[in-house]
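Residue numbers (our numbering): 2 to 322.
What follows is a set of notes on a single structure, which appears directly below.
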Ligand SMILES: Cc1ncc(COP(=O)(O)O)c(C=O)c1O
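Following this line, the structure appears as structure tokens:
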């Protein structure tokens, strides 16, 4: 939903800059709207596009590298190839690929997108939190030049579900898209209903505020560092287990690994889940079955990591296989 909010603000603002008032004129006959996405974008971006009335034909997919980062040369080529001069182009980047945790190289990509007049949106569902840690914030370098960002407080910050955040550089763009109005409403000047799809909604900001207020800047930093530390501990342990291949080095909080054969990998994931040791989700990466470990709980301890490693070592030992 937060991706949808940002992308709909982007569309409205880009059309307005082209002299097209979407709120008055609708979409029929408008300049074309084009969404440029990475090959390894999250599925929720495609779904948000559908909400916006954009189909596959309106979407340009840009190639990514082996870890899922959008390739700058491929973005430049894709934007150069766009022939319609007045197209409203939204480039959608990603902070934290859901399997590998990879971050798009924002400092390279955003200037390319901007030089083509595009709006840049960053889906940072979990990855944007890397900016809170001086040890990890280099992963997000250049991200501040974007026009809109999304992140989830229900992931890294550990507040209850449903606390996605949509952040737009210029509040006027959000208001122009979402303000509904109504004489009976008690306006304070700037109200949440001016910048979101709903008028009536839970005060999701309260648990987010409470978590931020109690953790403080240092607490959030420590939380992010701890999640990353857990990922590195798991990675180091996995590399020491014979037969386990770590598929990519965890830049942030995701660790992905596989066994020699896809069936064995999937079976290991099922067994660990049944035993109740850890929730490793099965997935596919570049055509191979993998197990995906996403560090996102503040209570996960070194002991939990070590228990998980012990279970993996036991279940992959030649005696068991
Ligand atoms: C990169 C990315 N974008 C978007 C989403 C969707 O977020 P939500 O589950 O809060 O709708 C996720 C969820 O895993 C994600 O990892």
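Every residue gets a Cβ at the ideal spot worked out from N, C-alpha and C, and that includes glycine.
Computed from a prediction, not measured in an experiment: that's the story for all the values here.
Residue nearest to residue i in terms of C-alpha spacing, selected from the options
i, options, result
"residue 148", "291, 171, 179", "171"
"residue 193", "175, 261, 185, 184", "175"
"residue 263", "272, 243, 285, 249", "285"
"residue 121", "181, 10, 178", "10"
"residue 140", "127, 106, 146", "106"
"residue 20", "157, 110, 88", "88"
"residue 228", "306, 37, 206", "306"
"residue 299", "232, 313, 270, 276", "232"
"residue 5", "235, 138, 91", "91"
"residue 253", "118, 276, 97, 158", "97"
"residue 62", "31, 223, 37, 261", "37"
"residue 29", "74, 114, 64, 55", "55"
"residue 12", "2, 33, 275", "33"
"residue 86", "197, 119, 181, 58", "119"
"residue 185", "318, 200, 255, 256", "200"
"residue 276", "23, 308, 211, 157", "308"
Which residues DSSP lists as bridging residue i, in chain order
i, result
"residue 95", "124"
"residue 36", "60, 91"
"residue 214", "Residue 214 pairs with nothing; no bridge assigned."
"residue 283", "292"
"residue 255", "295"
"residue 150", "123, 168"
Pair within 8 Å by beta-carbon distance, residue i and residue j
i, j, result
"residue 208", "residue 160", "yes"
"residue 123", "residue 144", "yes"
"residue 164", "residue 136", "no"
"residue 243", "residue 102", "no"
"residue 245", "residue 168", "no"
"residue 269", "residue 316", "yes"
"residue 310", "residue 235", "yes"
"residue 182", "residue 95", "no"
"residue 108", "residue 142", "yes"
Reduced DSSP category for residue i - H, G, I as helix; E, B as strand; rest coil
i, result
"residue 3", "helix"
"residue 297", "coil"
"residue 31", "coil"
"residue 263", "helix"
"residue 181", "coil"
"residue 191", "coil"
"residue 221", "helix"
"residue 83", "coil"
"residue 104", "strand"
"residue 230", "helix"
"residue 317", "helix"
"residue 24", "helix"
"residue 165", "strand"
"residue 247", "strand"
"residue 134", "coil"
"residue 65", "strand"
Near ligand 3: residue i beta-carbon under 7 Å from a heavy atom
i, result
"residue 95", "The model depicted lacks ligand 3 and carries ligand 1 instead."
Cβ of residue i within 8 Å of any chain D Cβ
i, result
"residue 51", "No chain D is part of this structure, which consists of one protein chain only."
Any 3 or more C-beta pairs closer than 8 Å across the region 152 to 169 and the region 278 to 293: no
Check whether the region 66 to 74 touches the region 211 to 219, counting contact only when three or more Cβ pairs, one atom from each stretch, lie closer than 8 Å. No: the two stretches stay apart, fewer than three of their Cβ pairs being nearer than 8 Å.
Any chance the region 126 to 134 sits against the region 46 to 58, with 3 or more Cβ pairs inside 8 Å? Judged by Cβ distances under 8 Å, the region 126 to 134 makes no contact with the region 46 to 58, as fewer than three pairs qualify.
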